[in-house]
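Asks: Encoded as structure tokens, here's the structure I'll be asking about.
In the numbering used here, the protein residues as written are 669 to 861.
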């Protein structure tokens with residue numbers, strides 16, 4: 669059985685609108701998702717990327733609880749789970765494992781394994797899990813994973829535009845992901861022993 673690794677935020681959980689809403693309330697701004705092309709936190713909020721990330725992390729539990737499922741994710745994962753091992757690998761803090769598992773259960777999202785890393789580099793976890801394909805929304809993560817020989821489907825977002833390497837394929841919906849996996853996913857076949 670092939671193994672598919674999947675990120676949560678921006679792929680399964682539609683967390684970006686929640687984050688933008690919280691930033692708008694905190695800073696008294698009125699940004700929309702389209703303002704996050706070529707995102708510059710210094711220009712928009714007067715913060716470095718690291719400072720902004722720390723601020724967002726203070727809202728992590730609220731973001732987990734308030735985000736809805738990404739359009740098409742629930743149906744797609746229910747379609748994929750009987751045919752593939754689904755490994756959810758997220759940068760979420762491990763302390764929110766129970767809340768994340770409860771959110772997944774509440775939204776009827778099936779999976780084989782859930783790993784919360786507390787950091788964004790997913791290479792080690794994906795190699796340990798022997799995933800054949802990874803679905804991600806971060807261009808940086810997609811480049812890192814593909815450099816290890818793992819093909820990546822990159823869910824299109826305003827914040828991940830740019831040139832992508834050969835082993836990364838940009839996708840625009842869960843429907844497109846299902847078609848890719850069903851029709852053309854030959855994947856990087858790994859030895860699962």
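For each residue, glycine too, the CB sits at the ideal point set by N, CA and C.
As the structure is a computational prediction, the values presented were derived from the model and not from experiment.
With a CB to CB cut of under 8 Å and the five nearest residues on each side skipped, what residues in its chain are close to residue 797?
Replies: So the qualifying residues of the chain are 671, 673, 755, 757, 781 and 783.
Asks: Under the three-state reduction of DSSP, which class applies to residue 715: helix, strand or coil?
Replies: The answer is coil: DSSP assigns residue 715 none of H, G, I, E or B.
Asks: Measure the Cβ-Cβ separation of residue 692 and residue 699 and say whether it is below 9 Å.
Replies: In this structure, residue 699 lies closer than 9 Å to residue 692 by Cβ.
Asks: Where do the N-terminal and C-terminal ends of the alpha helix (DSSP H) with residue 829 fall, by residue?
Replies: Segment: none, residue 829 is in no alpha helix (DSSP H) and carries neither H nor E.
Asks: I believe residue 807 touches residue 794 by the beta-carbon criterion, under 8 Å. Please report the beta-carbon distance rounded to the nearest angstrom.
Replies: Actually they do not touch by this definition, with Cβ atoms about 16 Å apart.
Asks: Buried or exposed for residue 790, going by 16 or more other Cβ atoms inside 10 Å?
Replies: Its Cβ being crowded by 16 or more others within 10 Å, residue 790 is buried.
Asks: Should residue 703 be labelled buried (16 or more other beta-carbon atoms within 10 Å of its own) or exposed?
Replies: Residue 703 is exposed by the Cβ-count criterion.
Asks: Using a Cβ-Cβ cut-off of 8 Å (strictly less than) and excluding sequence neighbours within five positions of residue 713, which residues of its own chain qualify?
Replies: Excluding residues within five positions, the ones whose Cβ falls inside 8 Å are 691, 695, 697 and 720.
Asks: Entirely within the stretch 774-825 and at least 3 residues each: give me those beta strand (DSSP E) ranges in chain order.
Replies: Counting whole runs of 3 or more residues, the stretch 774-825 contains the beta strand (DSSP E) stretches 781-784, 801-804 and 820-823.
Asks: Can you name the start and end residues of the alpha helix (DSSP H) that residue 705 belongs to?
Replies: That residue, residue 705, is in no alpha helix (DSSP H); it is neither H nor E in DSSP.
Asks: Does the beta-carbon of residue 678 have 16 or more other beta-carbons within 10 angstroms, so that it is buried, or is it exposed?
Replies: Classification for residue 678: buried.
Asks: For a quick check, are the C-beta atoms of residue 803 and residue 845 less than 9 Å apart?
Replies: Yes; because the gap between Cβ atoms is below 9 Å, this pair is in contact.
Asks: For residue 816 and residue 799, I'd like the C-alpha separation in whole angstroms.
Replies: About 11 Å.
Asks: By the 10 Å Cβ neighbour count, where 16 or more other Cβ atoms means buried, how is residue 854 classified, buried or exposed?
Replies: Only weak support exists for where residue 854 lies, its pLDDT of 47 falling under 50; the coordinates are left without a value.
Asks: Residue 701 and residue 826: beta carbons closer than 9 Å?
Replies: Yes, these two residues count as a Cβ contact at 9 Å.
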